[in-house]
């Protein structure tokens with residue numbers, strides 16, 4: 082075996098898309114992708130910081146304060162979406178929440 086085969090690869094791969102959700106961060110006003118389990122998991126009460134998608138591959142990531150992240154999922158709007166988080170949608174799609182539908186008997 083060569084030394085090249087033993088050395089870990091320097092390339093970092095982005096995290097899988099499953100489990101990521103769009104939430105608004107009040108600190109910057111942008112919609113970011115956050116890992117749903119991180120927002121609602123067992124550690125949520127103990128960990129005051131959450132990491133958005135755009136910071137996962139950074140050498141020195143900037144986490145967001147948990148209280149600045151909306152509890153409900155949002156539909157990202159043009160001009161109000163983090164460019165780093167939006168870049169993952171070039172080849173993959175994160176599921177978006179469905180807008181609330183009216184409960185009336187007539188169709189819109």
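Residue numbers (this note's numbering): 82 to 189.
C-beta atoms are modelled at their ideal positions from N, C-alpha and C, and glycine is treated no differently.
No experiment lies behind these values; they were computed from the predicted model shown.
Every unbroken stretch of the beta strand (DSSP E) spanning 3 or more residues and falling wholly within the stretch 109-168 is given here in chain order: 112-116. Residue 169 and residue 137 have their C-alpha atoms spaced approximately 12 Å apart. Cβ contact annotation for residue 119 (same chain, cutoff 6 Å, sequence separation greater than five): 131, in chain order.
Between residue 112 and residue 159, the beta carbon gap of about 10 Å keeps them out of contact (Cβ cut-off 8 Å).
Sequence-distant Cβ neighbours of residue 151 in its own chain, meaning closer than 7 Å and more than five residues away, are 104, 105.
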